[in-house]
Amino acid sequence: MYVVLQTDRLILRRFTESDIDDLVALDADPQVMRFITGGRPTTRLRVETDFLPMYLAQYAAGERYGRWATVERSTGAFLGLFHFRPATGCPSDEPALGFRLRRSAWGKGYASEGSLALIDLGFTELGAERVVAQTMVVNAASRRVLEKIGMRQVRTFRMEWPFPIEGSEHGDDEYAITRAEWEQRNRS
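The number in my numbering is simply the position in the sequence shown, starting from 1, with 3 added.
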């Protein structure tokens with residue numbers, strides 16, 4: 004098992020082929036997928052042929068950024084995933100943070116805990132100068148997480164979604180934290 008990082012309660016590690024059932028179950032939950040696909044489940048075939056191979060290829064290419072399986076340290080239970088990687092066309096020192104957790108993991112602080120650890124990793128080891136995140140304006144839970152971890156809302160914009168998602172007419176928020184802001188937070 005290739006561990007990217009550990010927190011008090013979480014292990015973020017590389018995905019493996021054996022994670023397929025957990026990943027399919029995560030992406031099949033309409034509530035988990037509400038702000039990603041409008042609640043449409045991702046098919047097992049798509050996870051098997053598109054998503055998991057893409058995650059594994061990033062590891063094979065030696066990329067330090069990527070998508071990470073997230074498990075509870077005390078039980079080994081699969082909780083979901085985090086991603087930490089520059090968006091297509093963005094500078095390598097500006098990774099985007101994201102998370103998707105099982106409903107059973109909601110409201111327990113896991114999103115904040117994993118996000119803070121990835122931001123710290125980005126600024127201490129990966130040369131990040133700015134970390135960004137995006138969420139739909141109507142996704143109040145994700146917005147709370149991003150604000151709780153010290154990110155600030157920098158703009159609202161309209162993303163083009165390939166399918167209708169309830170609330171998309173309100174737009175999407177971009178959040179960010181710079182290295183200077185992170186350093187200031189850590190001095191306090």
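A virtual CB, placed ideally from N, CA and C, is assigned to each residue, including glycine.
Inset, instruction - Could you check what DSSP says for residue 185 in three-state terms: helix, strand or coil? - result: helix
Legend entry - Check: residue 35 C-beta below 8 Å from any heavy atom of the ligand MG: In the structure on display, the ligand MG does not appear, and there are no ligands present to speak of.
Legend entry - Backbone CA spacing between residue 89 and residue 173 [nearest angstrom]: Taking the straight line joining both Cα atoms gives about 25 Å.
Inset, instruction - Take residue 111 and list the residues in its own chain whose beta-carbon comes closer than 7 Å to its own, dropping the five residues that flank it on each side. - result: none
Inset, instruction - Please name the residue in 122, 53 and 61 whose C-alpha comes closest to that of residue 186. - result: 122
Legend entry - Any alpha helix (DSSP H) of 4 or more consecutive residues that is wholly inside the region 98-130: Within the region 98-130, the alpha helix (DSSP H) runs of at least 4 residues that lie entirely inside it are, in chain order, 113-127.
Legend entry - residue 61 - containing alpha helix (DSSP H), residue span: Where residue 61 is concerned, the enclosing alpha helix (DSSP H) starts and stops at 55-63.
Legend entry - DSSP beta-bridge partners of residue 176: 138 and 159
Legend entry - Rounded distance between the beta-carbons of residue 154 and residue 178, thought under 8 Å: The pair is a contact, with the Cβ atoms about 4 Å apart (cut-off 8 Å).
Inset, instruction - Examine chain D for any beta-carbon lying closer than 9 Å to the beta-carbon of residue 94, and answer yes or no. - result: Absent here is chain D; the protein component of the structure consists of one chain.
Legend entry - Inter-stretch contact at 8 Å, needing at least 3 Cβ pairs: the region 64-76 / the region 39-50: No: the two stretches stay apart, fewer than three of their Cβ pairs being nearer than 8 Å.
Inset, instruction - Assign residue 52 to one of three DSSP states: helix, strand, or coil. - result: Correct three-state label for residue 52: helix.
Inset, instruction - Can you tell me the Cβ-Cβ gap for residue 84 and residue 72, rounded? I've got them flagged as a contact below 8 Å. - result: 6 Å
Inset, instruction - Pick helix, strand or coil for residue 147, following the three-state DSSP scheme. - result: helix
Legend entry - Candidates 147, 141 and 183, of which the one nearest residue 171 by Cα: 141
Legend entry - Nearest candidate by alpha-carbon position, reference residue 156, set 165, 180 and 144: 180
Inset, instruction - Take the Cβ of residue 6 as the centre, count every other Cβ of all protein chains shown within 10 Å, and call the residue buried at 16 or more, exposed below. - result: exposed
Legend entry - Inter-residue Cα distance where the pair is residue 11 and residue 109: 17 Å
Legend entry - Rounded straight-line distance, which links the Cα of residue 36 to that of residue 30: Answer to the nearest angstrom: the Cα atoms are 6 Å apart.
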